[in-house]
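Written out below as structure tokens is the structure these notes cover.
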Amino acid sequence: MEGTSQAPISSSKYFHPYFTPAEVESLSAKQRGKLSVSQEERIRQTACSFLETLGSRIGFPRRTIVTAQVLYHRFHLFFPRKDFNYVDVALAALYVSTKMNDTLKKPRELLALSYALRYPDLVAKSKNPAGEVDLDTMDPQARFIAVETDRQRLLGIERLIMETICFNFTSKVPFPYVIKLGKALRAPKILTKSAWRISIDVYRTLLPIQYPPHTIALGSIFVAALLATFEKPPAPESSDAEGYQVRNSHEIVAQLKDRGSWEEQFHAQVEDLEVIAHTVLDLLIHVAQSPQTNTSPRTPRTPSSPSTYPSPRDRQQLINPNTPLPYHADYLLRLKIALREHEHPQRPRQPLGTSDPSALYSGDDATMLGRSEGTIRFLFGPPGTLDS
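The opening residue of the sequence shown carries number 1 in full-length UniProt numbering; numbering runs sequentially from there.
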């Protein structure tokens, strides 16, 4: 009788720090399921707002919050949205981010603070002066069922997130580059501050998994300069408090909107800055056209777990009600149209290791993520970039 035993399945998974737009679209469409693109975007914005609010309330540095947002975006390139609650994925992403940025919090602490956002009536019952849910005052049986179940779910998704990054805990952000590039361009301080805020908003989009931090930083400066100059007269050159001669925003736009030596100097290309500009403008238009993003938070009637697809009431509760809207949607649309009239053709970007956008993430090896069968080698770089 011939043996029926089979050799254990073995495969390798490569960490890809960045994806091409074609890869992102291919992978997103696969995990989107029956959701429309607008529904997917609403869920993404709600999850990012949840992370923003929770991270700010805990006191995490900006680096921890934006890393969690990137991990959330990356997770749903590999796992369907219909199978996971956005709150569970966001909490697990924040937990992994705390490990990556040395701002560690225990899962129980994250859950307790998230309950204060999700279930305000529990805050009233706990009577905690800090506005937090005191888990020790909950009914022991209810606490075990609710908290322990949520904790186990968080830890399960944590494993999946770490597999999607191939256990590569390297994290880079664009914020230092905004300061350095602003000085190199002799940008006014007010423009650099605006670019800093825009670089934070970029993490609500999929741009950070498509471009490196220095390109995101330069794109943020470009967008800030566009917003400061469009349909506005040029401002005269001035000096800062230290007597350093600064350029006006019109000069910076004129430099970055066309090809030049700056591309080699800053290791970026004008086509990429235009893609970043359009994506950020789309985000700002979405915010300007969504009245619910500026309404006051509401209290849910019952402490039931939020659904996978958030209702308008859930979205209103998680969005910061004090978010300013300095630009009108019509103004932003006119800027997009003007930008389209003079933009360059998008440059071709080849995926690392293959010409097929989804070839690296299809087949039997892709389905092994999150499973204990066989052996998986997690490598810290794309194919062809690592020594064998």
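Quick reminder that beta carbons are idealized off the backbone N, C-alpha and C, glycines included.
Would you tell me roughly how many angstroms separate the C-alpha atoms of residue i and residue j, rounded to the nearest one?
i	j	result
Leu218	Leu181	7 Å
Arg74	His16	10 Å
Tyr119	Ser199	31 Å
Ile58	His214	28 Å
Lys99	Lys106	10 Å
Glu25	Leu77	9 Å
Ser10	Leu111	36 Å
Phe252	Leu113	Correcting the residue identity first, residue 252 is Ile in this sequence and not Phe. Computed Cα separation, rounded: 43 Å.
Ala225	Phe169	33 Å
His342	Tyr72	34 Å
Pro268	Tyr327	The question names Pro, but residue 268 in the sequence shown is Ala. So the two alpha carbons sit approximately 27 Å from each other.
Leu379	Ser12	7 Å
Lys34	Arg259	41 Å
Leu160	Val66	19 Å
Leu283	Phe222	16 Å
Leu104	Tyr95	7 Å
Leu332	Thr205	17 Å
Pro21	Ser290	26 Å
Pro234	Leu227	13 Å
Leu54	Asp88	13 Å
Phe79	Glu231	44 Å
Ala288	Val202	16 Å
Lys183	Ser261	17 Å
Over the uninterrupted alpha helix (DSSP H) stretch that includes residue i, give me the two end residues.
i	result
Phe75	Arg62 to Phe75
Tyr18	Taken as a continuous stretch (DSSP letters only), Tyr18 belongs to no alpha helix (DSSP H), as it is neither H nor E.
Ser49	Val37 to Ile58
Glu341	Ala329 to Glu341
Gly260	That residue, Gly260, is in no alpha helix (DSSP H); it is neither H nor E in DSSP.
Lys34	Note, Lys34: premise wrong, no alpha helix (DSSP H); not H, not E.
His214	Pro213 to Thr229
Gln152	Thr149 to Thr164
Arg118	Pro107 to Arg118
Leu91	Tyr86 to Met100
His278	Val270 to Ala288
Phe175	Phe175 to Ala184
Grab me the residues of residue i's own chain with a C-beta within less than 6 Å of its C-beta, minus the 5 sequence neighbours each way, in chain order.
i	result
Arg340	none
Phe266	Leu218
Gln346	Glu271
Glu274	Glu343
Where do the ends of the beta strand (DSSP E) carrying residue i lie?
i	result
Phe378	Thr375 to Leu379
Ser194	Counting along the chain, Ser194 falls outside any beta strand (DSSP E), though it belongs to the alpha helix (DSSP H) covering Lys189 to Asp201.
Arg10	The sequence given here has Ser at residue 10, not Arg. From DSSP, the beta strand (DSSP E) with Ser10 extends over Ser10 to Tyr14.
Evaluate residue i with the Cβ neighbour count: other Cβ atoms within 10 Å of its Cβ, from every protein chain shown; 16 or more gives buried, anything less gives exposed.
i	result
Arg334	exposed
Gly156	exposed
Val246	buried
Ser38	exposed
Arg377	exposed
Asp272	buried
Arg44	buried
residue 402	Nothing about residue 402 can be reported from this structure: the residues present for the chain run from 1 to 388 only.
Thr299	Note that Thr299 has pLDDT 32, beneath the 50 cutoff, so the model's placement of it is unreliable and no number is given.
Ala93	buried
residue 426	In the structure as shown, the chain starts at 1 and stops at 388, and residue 426 therefore has no counterpart that could be examined.
Pro188	buried
Ala338	exposed
Thr375	exposed
residue 390	Because the chain spans 1 through 388 in this model, residue 390 falls outside it and cannot be assessed.
Glu52	buried
Ser49	buried
Ile216	buried
Going by beta carbon distance, what residues of the same chain come within less than 8 Å of residue i, once the five residues before and after it are set aside?
i	result
Arg186	Tyr244, Gln245, Val246 and Arg247
Lys172	Pro212 and Pro213
Glu41	His286
residue 407	Residue coverage of the chain in this structure runs from 1 to 388, which leaves residue 407 outside it and unanswerable.
Leu191	Gly182, Ile221, Ala224, Ala225, Ala228, Ser249 and Ile252
Please go through the same chain and pick out, in chain order, the residues whose beta-carbon is closer than 7 Å to the beta-carbon of residue i, but skip the five residues on each side of it.
i	result
Lys336	His278 and Leu281
Thr229	Ser249, His250 and Val253
Glu263	Gln269 and Val270
Ser97	Thr64, Thr67, Ala68 and Leu71
Glu158	Ala92, Tyr95 and Val96
Cβ of residue i versus every heavy atom of the ligand GDP: is any distance shorter than 7 Å?
i	result
Tyr14	The ligand GDP is not part of this structure, which contains no ligands at all.
Inset, instruction - Could you tell me whether the segment 207-218 touches the segment 150-162, where touching means 3 or more Cβ pairs closer than 8 Å? - result: no
Legend entry - Touch test, the segment 167-182 against the segment 78-86, Cβ-Cβ under 8 Å, three pairs minimum: no
Legend entry - Three-pair Cβ contact test at 8 Å for the segment 183-198 versus the segment 162-170: no
Inset, instruction - State whether the segment 28-35 contacts the segment 59-72, with contact taken as three or more CB pairs (one from each stretch) at a distance under 8 Å. - result: no
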